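Working notes, beginning with the structure itself.
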Amino acid sequence: GRATNTPAEGSGPTGQKKDGGVVELRDVRREVELLGSTALVGKEAKQWKGRHMKALGAKMEKAPRIPARIGKGIAKKKIQRETQARELARESGMLLAKKPKNKRRKQTKRSKAKS
């Protein structure tokens with residue numbers, strides 16, 4: 006026969022056997038990538054997960070409308086504005102200050118129990 010540079014029959018694109026004795030390079034690479042992905046954290050993990058899902062045929066996950074850091078600041082400021090508005094309403098006489106009734110009851114019960 007003649008010598009050719011083609012791989013032997015029954016071998017994969019990597020030149021390794023598919024008969025189960027030798028694992029294909031693609032499979033090993035995929036396993037290594039999966040194991041490596043467990044060490045990813047935060048943004049890298051999300052990006053890897055997105056690429057993995059895209060490879061499976063799923064759509065990429067959309068980014069949030071507002072970054073979480075900015076959203077937390079907005080929420081904090083909103084609470085601050087609400088408390089300021091309540092204080093202003095209380096000072097102008099629109100609202101009456103709430104009296105903590107439960108705390109007083111608990112304090113009187115404790116003081117009676119100690120005596």
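Going from the sequence shown to this note's numbering is simple: count from 1 and add 5.
Just so you know, even glycine gets a beta-carbon here, dropped at the ideal spot from N, CA and C.
A quick note: this is a predicted structure, and the numbers were derived from the prediction, not measured.
Asked	Found
For alanine 80 and arginine 86, the rounded distance between their alpha carbons	10 Å
CA-to-CA distance, arginine 74 to leucine 88, given in whole angstroms	Checking the sequence shown, residue 88 turns out to be threonine, not leucine. C-alpha separation (whole angstroms): 22 Å.
Isoleucine 71, DSSP secondary structure in three states	coil
Span of the alpha helix (DSSP H) around glutamate 36	30-42
Member of Trp53, Lys77 and Glu92 whose CA lies at the smallest distance from the CA of glutamate 66	Trp53
Inter-residue Cα distance where the pair is alanine 94 and lysine 83	16 Å
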